[in-house]
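Below: one structure, written as structure tokens.
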Amino acid sequence: MVVILLTRHIGCPRVKFNAFLQFPLFIESEFGSEVSHANTTDIPRENLLDLTPQGAEDRLRAFFEGLGQPGYRAKQVVRHLWVVPVSSFDAMTDLPKHLREELGKTFEIPRLTVAARQKSADGTEKFLFRLHDGEAIETVAIPEGKRLTLCISSQAGCALQCAFCATGAMGFARNLDVHEIAGQVREMRLLEPPIDVTNIVFMGMGEPLMNWKSVGSALTILNDPAGLGIGARHITVSTVGVLPGIVALGQRREQFRLAISIHAPSDDLRRDLMPINIKYPLADVIEAAKEFDRRVTFEYVMLGGVNDQDVHALQLAQLARECGAFVNLIPLHPGGARGFHPTPQGDIIRFARELRAQGVEVAVRKSRGIDIAAACGQLRVERMGRRPPRTPQQHGDVQVA
Ligand code: SAH
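Rendered as structure tokens:
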């Protein structure tokens with residue numbers, strides 16, 4: 010991830026901490042007792058955090074009725090899933106002890122394990138979460154004035170292999186479950202002191218629209234007042250342009266925002282940088298952006314000598330005008346981008362001016378400071394090693410919306 014000061018218009022992409030060695034690094038063992046799964050029985054329990062708040066309430070109501078308990082108990086428990094989260098049923102002290110024990114026999118509310126936590130001088134924090142099967146994902150918390158944007162992951166690894174991205178280089182492991190996506194925000198509320206998240210961007214590891222089933226439910230949890238209660242306009246889904254997913258997002262009644270990673274204004278160049286362009290060519294992506302009923306943001310990572318010439322600005326302006334898109338220019342973070350160089354800042358400004366002259370609204374994201382650096386996925390790579398790239402056939406389990 011680079012990092013990148015979010016503009017008014019979103020986005021974390023890619024925050025990296027070059028400061029890994031200079032700032033406190035907390036390691037797994039320090040968190041071990043607090044974050045382990047509490048389940049000690051062999052009977053599989055139902056994961057309440059994989060359900061939407063309404064789904065959990067319905068299930069719990071039936072459960073409590075079976076115990077001859079009043080229905081309001083269900084709401085009490087649901088409140089402790091997301092709104093005022095607790096780390097175990099035992100901590101739901103507004104319920105009688107015997108009910109807490111009964112809950113623990115049937116249900117689980119699993120935590121994500123903080124394997125590493127690093128803080129940069131400007132307050133940006135990066136978390137590496139270890140999942141139950143040993144996979145690891147990254148989450149970045151970026152404070153900016155009154156806002157705190159959380160950059161979350163939707164997959165462990167990524168199948169798309171964009172040429173400049175560290176996550177792409179590590180290959181695809183699996184889709185995240187609902188509770189692993191929304192759980193990244195839940196874990197912020199469980200920290201001591203808690204981190205109060207105001208905005209969400211799906212710009213961590215993975216392609217959210219290739220895991221729509223889980224991302225769709227996670228969006229409900231993020232936005233629902235009985236869930237995490239974050240306004241839909243403060244939640245941005247970033248995609249390479251997975252067309253069925255864009256349609257699915259557009260059909261949601263909530264005003265979730267859409268960002269599309271364009272990165273090249275012509276098919277030839279985009280194919281080289283983003284192999285997904287073979288499946289979803291630029292013209293179709295632009296068409297989908299036009300049909301999306303809310304304003305779309307284009308993300309455009311500035312690759313020195315590759316996509317940052319005047320001709321590219323003119324082509325990009327044309328595309329942006331076609332669908333009224335706002336353009337975010339992103340300085341490349343070289344961490345994950347072997348063989349690429351960042352466009353010099355002055356040239357980025359010139360490129361932005363060119364776009365503005367063409368009638369396009371544009372923002373240049375700023376790096377959060379020299380102490381921050383680390384391509385997305387780099388912390389995971391440092392800790393777990395690189396995964397050998399997978400063949401497209403091996404990506405068969407990637408779920409497309
Ligand atoms: N798969 C989704 C979301 C995750 S990536 C997508 O591609 O949009 C989030 C953003 O970070 C994307 O725009 C991606 O292209 C960008 N990104 C990846 N590696 C980067 C790097 N080294 N420097 C700058 N931005 C990068």
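Quick note on our numbering: the sequence shown kicks off at 10 and runs consecutively. Where is the CB? At the ideal position from N, CA and C, for every residue including glycine. Only a predicted model underlies this, so the values are computations on that prediction, with no experimental measurement involved.
Using the C-alpha atoms, what's the distance from residue j back to residue i?
i: V95; j: G77; result: 25 Å
i: V92; j: R242; result: 19 Å
i: M179; j: G344; result: 13 Å
i: F32; j: A182; result: Note that F32 scores 30 on pLDDT, short of 50, meaning its location in the model is unreliable; the coordinates nonetheless yield the value given after this. Cα to Cα, the separation comes out at about 29 Å.
i: N337; j: R139; result: 31 Å
i: E74; j: R109; result: 15 Å
i: P340; j: M311; result: 5 Å
i: L60; j: S226; result: 8 Å
i: L291; j: L200; result: 42 Å
i: E308; j: S247; result: 9 Å
i: P53; j: P351; result: 49 Å
i: Q327; j: E370; result: 12 Å
i: S97; j: K106; result: 12 Å
i: P353; j: F173; result: 17 Å
i: D277; j: I285; result: 12 Å
i: A125; j: T148; result: 11 Å
i: N56; j: G177; result: 30 Å
i: A366; j: G355; result: 17 Å
i: H141; j: E363; result: 48 Å
i: I146; j: I239; result: 22 Å
i: L169; j: A329; result: 23 Å
i: V123; j: S162; result: 14 Å
i: R347; j: G64; result: 45 Å
i: A268; j: G154; result: 22 Å
Would residue i pass as a contact of residue j if the rule is Cβ separation under 9 Å?
i: G213; j: C160; result: yes
i: M197; j: I204; result: yes
i: A334; j: V305; result: yes
i: L137; j: V194; result: no
i: L69; j: P119; result: no
i: L185; j: S223; result: yes
i: K114; j: Q127; result: no
i: C167; j: E216; result: yes
i: L121; j: G192; result: yes
Whose C-beta lies closer than 6 Å to the C-beta of residue i among residues of the same chain, with five residues either side of it excluded?
i: R266; result: T245
i: E144; result: A165, A182
i: V187; result: D59, S223, S226, A227
i: D99; result: R109
i: P62; result: V87, D233, A235, G236
i: L218; result: T248, V251, G254, A410
With DSSP as the reference, please indicate the residues paired to residue i in a beta bridge.
i: F173; result: According to DSSP, which records beta bridges pairwise, F173 is partnered with nothing at all.
i: I209; result: L159, I244
i: Y309; result: L338
i: T61; result: In DSSP, T61 forms no bridge with anything.
i: Q164; result: N184
i: R374; result: Per DSSP, none; premise fails for R374.
i: T148; result: F136
i: F4; result: For the chain, the structure presents residues 10 to 410; residue 4 sits outside this window and is missing.
i: R266; result: T245
i: T122; result: R139
i: E153; result: R156
i: P351; result: L312
With a CB to CB cut of under 7 Å and the five nearest residues on each side skipped, what residues in its chain are close to residue i?
i: I287; result: R280
i: R262; result: none
i: D293; result: L252
i: Q324; result: P274, S275
i: F332; result: Note on identity: in this sequence residue 332 is Cys, with Phe being the wrong assignment. Same-chain partners within the cutoff: I295, A298, K299, V305.
i: V373; result: L338, I357, I358, A361
i: P202; result: none
Quick one: residues in its chain with C-beta nearer than 8 Å to the C-beta of residue i, no 5 flanking neighbours on either side, listed in chain order?
i: L157; result: A150, I151, I204, D205, V206, T207, N208
i: M101; result: Q85, V86, H89, V95, R109, L112
i: E66; result: A83, K84, V87, A235
i: G80; result: R70, F73, E74
i: D8; result: One cannot answer for residue 8 here, as it falls past the ends of the chain, which runs 10 to 410.
i: F7; result: Any answer about residue 7 is impossible in this case: the structure gives the chain only from 10 up to 410.
i: Y289; result: V249, G250, V251, L252
i: V264; result: Before going further, note that residue 264 is Gln rather than Val in the sequence given. If we look at Q264 and ignore the five residues flanking it on each side, its Cβ neighbours are A241, R242, R303.
i: G368; result: A326, R330
Give a yes or no on whether the minimum CB-CB distance between residue i and chain C is below 9 Å.
i: P105; result: No chain C appears in the structure shown, which is made up of a single protein chain.
*Taking contact to mean at least 3 C-beta pairs separated by less than 8 Å, is the region 343-360 in contact with the region 317-332?*
yes
*Taking three-plus beta-carbon pairs below 8 Å as touching, is the region 190-209 in contact with the region 223-242?*
Touching, per the Cβ criterion.
*asked:* Could you check whether the region 270-280 touches the region 251-259, counting it as contact only if at least three pairs of C-beta atoms, one from each stretch, sit closer than 8 Å?
replied: no
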